[in-house]
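What the sequence shown shows, in the working numbering, is residues 2 to 150, in sequence order.
Positions of the beta carbon are idealized from the N, C-alpha and C atoms, including for glycine.
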Amino acid sequence: HPVLNRFVANFKTRVAELATPFEGNLTATAESGVLAKEDPLKLTGPEAITTATMQQLNEDAGLRWEALTGLKDGGRSKAVGDTVIFPITAFSPGRSSYGNMGSKPLTDKDARLQHRAQGSWRKKDMTVEMGKLCRTVLGMCRDWSKVPQ
Numbered sequence: 002h003p004v005l006n007r008f009v010a011n012f013k014t015r016v017a018e019l020a021t022p023f024e025g026n027l028t029a030t031a032e033s034g035v036l037a038k039e040d041p042l043k044l045t046g047p048e049a050i051t052t053a054t055m056q057q058l059n060e061d062a063g064l065r066w067e068a069l070t071g072l073k074d075g076g077r078s079k080a081v082g083d084t085v086i087f088p089i090t091a092f093s094p095g096r097s098s099y100g101n102m103g104s105k106p107l108t109d110k111d112a113r114l115q116h117r118a119q120g121s122w123r124k125k126d127m128t129v130e131m132g133k134l135c136r137t138v139l140g141m142c143r144d145w146s147k148v149p150q
């Protein structure tokens, strides 16, 4: 599928960028710790999938992402060609009021699954936690790392 192709191409481009100082040698890049500092959610997670989808739908159908977010239409599902965009409630229902991004309760008709992702693979890091607080409360610290170092 074109979105998956875009996702893989974006991944390859980013890894190549990280490996450039090491003349493209991925082993040297990994040994240097550069890959460990890269945020896995940005590289391969929901953010990467969203970015690839957004880029592909813009290229294929000229759609602006704002038209698909569901922020203005109550979070309805949308079909664009062979791609369906589900509202956040489909995959992340029942989020608390803090940071829920428009998610509706588990009982909503659009709720399809609850993954209960807790980020348990992450290490706790005081700088990362303070950065979250600073971004949320003060709207600052946007350039602070979101990944434990």
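- Contiguous beta strand (DSSP E) elements confined to the region 48-117 occur at 79-81 and 84-86, taking only those with 3 or more residues.
- Secondary structure at residue 138: helix, using DSSP grouped into helix, strand and coil.
- The C-alpha of residue 21 lies about 31 Å from the C-alpha of residue 141.
- Where residue 148 is concerned, there is no enclosing alpha helix (DSSP H), because DSSP gives it neither an H nor an E.
- Between residue 109 and residue 90, the gap from beta carbon to beta carbon is short of 7 Å.
- Between residue 71 and residue 88, the CB-CB gap stays under 7 Å.
- Our two residues, residue 82 and residue 139, have alpha carbons roughly 41 Å apart in a direct line.
- Per DSSP, the continuous alpha helix (DSSP H) segment holding residue 32 begins and ends at 27-33.
- The shortest CA-to-CA distance from residue 92 to any of 44, 105 and 131 is the one to 105.
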